[in-house]
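Only one structure is covered here, and it is reproduced in the block below.
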Amino acid sequence: MKKLVLSGFLASEEIYINQLEALLLPMRPLKAAATSSQPVLTIQQVETIFYKIQDIFVIHKEFYDALYPHIQQWDEKVTVGHLFQKLNLKVKGPKDSKDCTTTNTMEALLYKPIDRVTRSTLVLHDLLKHTPKDHPDFPLLQDALRISQNFLSSINEEIDPRRTAVTTPKGEARQLVKDGFLVELSDCSRKLRHVFLFTDLLLCAKMKKTSVGRQQQYECKWYIPLADLAFQTLDDSEPSPHVQVLPEHEIEEIKIKISVLKSEIQKEKKAPKGQSRVDRLRKKMNEQESWLLLHSPTIPFRIHNKHGKSFLFLISSDYERAEWRESIQRLQKNDIQSCVLSSVELQVLTSSCFKLRTVHNIPVTSYKDDEETPGLNGFLHVIVRSAQGFKESANLYCTLEVDSYGYFVSKAKTRVFRDTTEPTWNEEFEIELEGSQCLRILCYETCYDKSKISKDDNEIVDKIMGKGQVQLDPTTVQSKNWHMDVIEMNGIKVEFSMKFTSRDLSLKRTPSKKQSGVFGVKINVVTKRERSKVPYIVRQCIEEVEKRGIDEVGIYRISGVATDIQTLKAAFDTNTKDILVMLSDMDINAIAGTLKLYFRELPEPLLTDRLYPAFMEGIALSDPAAKENCMMHLLRSLPDPNLITFLILLEHLKRVAEKEPINKMSLHNLATVFGPTLLRPSESEIAKTLSITTASDIWSHDVMAQVQVLLYYLQHPPISFAELKRNTLYFSTDV
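So the sequence shown is residues 1 to 735, counted in full-length UniProt numbering.
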């Protein structure tokens, strides 16, 4: 990855050197003419216009010549940071330009030296991302980045003379500190905003649509001087506006559509003359990702102007909300004054930020280069081990977040470790990754003061003690062994381990030859041994969930602790006598997870390999009567233990969904969780399809149908085993 980044930069350096040579061509005759009797320009004018072009050309040529052999004979131990240090110290000017071989105007060429700085800064960011901290090049690259960023800061105010009018009351330079895309709740509807945090004010702008090739324009919606900004407390008298939260199944459906579109784009790229279709698919994917970006966030972030209105943003990650709050509070510690800006000054502020390429782009994949790391798809296993560095005893827990389709989502939470400075959780979680590149860990102190708890379900009132993140490097994570790591956050260290399983591997079911135990054993073998119609494990888990988990928010969706699940698995496998006592003491999410694991580890899915193609065809039928006949006939075709177990599970999931206002689990949510577990393509089915596609593509296309099959039965009036069997006489044809 590091070689790839450097190769791209080397190619752009070659183009840049050619552009500098193009500048030298008119400079030399103009310089010669300046000493003649009829000068076009004076020597001083020539030197001002072509300021240090010759020197810059020599420095970049030396840089290119030094870097080129390293790329040709690549060695992962090579250091290049010293080359960037030398480049940034000598050259007073580079920035992000999209270099191309098209003809450049003289004006554009003269801007190139300045235009080069941000480019090298971005490259240094990428190199650091893919350089281990213990690599000798890491401190060299850090230093080169510091030099480059300092230079950028010094020229920010000088590049556009119009910006000199936009200063703080003391005459200090106003600088952009942070920016990003947030969802604002305005007039009870969601609006995507680009939010800019400057050294003395917070500005909220709307990105205006522009024609292709034109510079991005912003319409400023509002701003608050930091001197007048406050964060609303939870007990404010004004009522909170209603936050409309979409059903989770709609979010999941869009994610699956995006996944399918990505697969189609990759296929079309390989096809001859497929570019026009690729462009159409990209446009479609952009629409879906933008929709997701707008509708996913639910965590409120309230901003208040002491002299006026309050504003509400919705953010998908508590980590991100804390980042904004901390950045603002850090700036407010400075002696800042209130300010008033005209509409012209506001427009200059945002346009200059964009011109200097100091702003973020919308975080959706359709805007990114194809060469960028696509991220990981599959399952990340994380063990949160322990933490240290706390000054006082507290009740502590951690949450895990990963990025998904351009934003971060919370995926897991450890149990609370009470009254300690050294919590030892040792809890394992299985987290589903969807194009993820980063794992975040947040450490909280639990707030037990009930008076502070907000009525808003999404308001997190617990105190963040520390937060940190780690890049999910495919080469590190995808090994079969656990990878140990430590995240340092505000003086706190959290130790954790992780390993990754690709979706291709997770689709495979490993046949088991064992006849003892219940996990991985055929369902008819278990029921025959137990002399029961439904496996004991299914009955007990369902009973416990209905007893004390039916009101639990996210039941069956939120991961249980993996070690607890493994403990229960071992207990059921060995038929431990005190299993009922264990169940009553165990965390309810672990019990729900054990039930899901049982169905996932069956040698074949509950709805069988043989009937899978017929279920896929049946759910696709458009005629309601034909679909009803087909879907009921398929149930009748199941072996009795499979059918009875399925019907018991069906009625249980319906009872869970009845409590949707409390547990937030609709029929569709439950179908999304259980569908791909109860109904999956067999190994032979996958093998047949693999010649034309990949296992991941099969998952993307089939999972929607699998969810729809289970949803069909969940939405159906109660299905009686006896009634089904009575009707077998009328439907005796084999599937």
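Think of the CB as a built atom: it goes at the ideal place given N, C-alpha and C, for glycine as much as any other residue. Only a predicted model underlies this, so the values are computations on that prediction, with no experimental measurement involved.
Using a Cβ-Cβ distance cut-off of 8 Å, the segment 219-232 and the segment 630-646 are not in contact, since fewer than three pairs of beta carbons, one from each stretch, lie closer than that value.
Here Pro-297 has Val-183, Leu-314, Ile-315 and Ser-316 as same chain residues with Cβ atoms under 6 Å from its own Cβ, once five neighbours each way along the sequence are excluded. Taking a contact to require three or more Cβ pairs closer than 8 Å, the segment 517-531 and the segment 558-566 do not qualify as touching.
Rounded to the nearest whole angstrom, the C-alpha separation of His-130 and Phe-301 is 33 Å. The beta-carbon separation of Phe-311 and Ile-303, rounded to 5 Å, stays under the 8 Å limit for a contact. Looking only at Gln-332, Phe-417, Asp-485 and Tyr-68, the smallest Cα-Cα distance to Asp-473 is reached by Asp-485. Distance between Glu-543 and Glu-530, taken at the CA atoms: about 18 Å.
About 5 Å separates the beta carbon of Glu-252 from that of Thr-672, a gap short enough to meet the 8 Å contact definition. Beta-bridge pairing by DSSP links Leu-203 to Phe-196 and Tyr-223.
Setting aside the 5 residues that flank it on each side, Phe-615 is surrounded in the same chain by Leu-607, Leu-634, Leu-679 and Val-709, each with a C-beta closer than 7 Å to its C-beta; the list follows chain order. Taking all protein chains shown into account, Glu-13 has 16 or more neighbouring C-beta atoms within 10 Å of its C-beta and is therefore buried.
Under the DSSP assignment, Leu-176 falls in the beta strand (DSSP E) whose first and last residues are 176-186.
Bridge pairing for Asp-403: Phe-408 [DSSP].
Taking all protein chains shown into account, Asp-462 has 16 or more neighbouring C-beta atoms within 10 Å of its C-beta and is therefore buried. In this structure, DSSP gives Ser-502 an extended state, which the three-state scheme calls strand. In this structure Leu-653 is not in contact with Gln-715, their Cβ atoms being roughly 11 Å apart against a cut-off of 8 Å.
Nearest in C-alpha terms to Lys-413, of all of Arg-385, Lys-391, Thr-420 and Cys-438, is Arg-385. In this structure, Leu-141 keeps its C-beta atom at 9 Å or more from the C-beta atom of Leu-122. Excluding residues up to 5 positions away in sequence, Cys-443, Met-489, Asn-490 and Ile-492 lie with their Cβ nearer than 7 Å to the Cβ of Gly-466 in the same chain. Under a 10 Å Cβ-count criterion, Tyr-51 is classified as exposed, with fewer than 16 other Cβ atoms of the shown protein chains found around its own Cβ. Rounded to the nearest angstrom, the gap between the Cα atoms of Leu-67 and Pro-26 is 29 Å.
Taking all protein chains in view, the Cβ of Gly-81 is crowded by 16 or more other Cβ atoms within 10 Å, so the residue is classified as buried. Between Gln-388 and Glu-422 a beta carbon distance of about 5 Å is seen, short of the 8 Å cut, so the two are scored as contacting. Taking a C-beta distance under 9 Å as the contact criterion, Arg-277 and Glu-289 do not qualify as a contact pair. Pairing Met-665 with Tyr-556 gives a Cβ-Cβ distance under 9 Å. Scanning the segment 592-637 from its first residue to its last, the whole alpha helix (DSSP H) runs of 4-plus residues come out as 612-619 and 624-636. Counting other Cβ atoms within 10 Å of its Cβ, Asp-640 stays below 16 and is therefore classed as exposed. Secondary structure at Ala-271: coil, using DSSP grouped into helix, strand and coil. Scanning Lys-569, Leu-10 and Asp-578 for the CA closest to the CA of Arg-600 turns up Lys-569. In terms of CA proximity to Ile-53, Gln-19 leads the group Gln-19, Asp-585 and Leu-41. With contacts defined by Cβ atoms closer than 9 Å, His-295 and Glu-250 form a contacting pair. Pairing Phe-84 with Ala-144 gives a Cβ-Cβ distance under 9 Å.
Of the candidates Ser-186, Ile-431 and Ser-584, the residue whose Cα lies closest to the Cα of Trp-222 is Ser-186. Contiguous alpha helix (DSSP H) elements confined to the UniProt domain "DH" (1-86) occur at 2-34, 43-49 and 53-72, taking only those with 4 or more residues. Phe-196 sits close to Leu-349, with the two beta carbons spaced by under 9 Å.
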